[in-house]
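**Student:**
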Amino acid sequence: FLESEQRIDNNPGLLPLVLVAHGEAIAEKMWNKFKNEDNIWFKRWKQDPRLIKLR
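Remember, my numbering sits 1008 above the position in the sequence shown when you count from 1.
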């Protein structure tokens, strides 16, 4: 599924799935991008226990 998605880095809703499917390095890049953009999803994901590795 994610292989066919051209711009998964622009979809913050996929961050937990990206962490599992593509690994910590890719998810961390997304995490930092959303943090720098002050993305509304970033505030939500900071509380998500699945993403504790990225904090």
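Idealized CB from N, CA, C, for every residue including glycine.
Note that the coordinates shown come from a computational prediction; the quantities given were computed from them, not determined experimentally.
(1) In whole angstroms, what is the alpha-carbon distance linking ILE1060 and LYS1054?
(2) Check ARG1063 in the structure and name its three-state DSSP category.
(3) Determine the burial state of PRO1020: buried for a count of at least 16 other Cβ atoms within 10 Å of its Cβ, exposed for fewer.
(4) Rounded to the nearest angstrom, what separates LEU1023 and ASN1047 at their Cα positions?
(5) Got a sec? Which residues, its chain only, sit under 8 angstroms from TRP1049 by beta carbon, not counting five neighbours each side?
**Tutor:** Answer, in terms of the structure:
(1) 8 angstroms
(2) coil
(3) buried
(4) 12 angstroms
(5) PRO1020, GLY1021, LEU1023 and PHE1042
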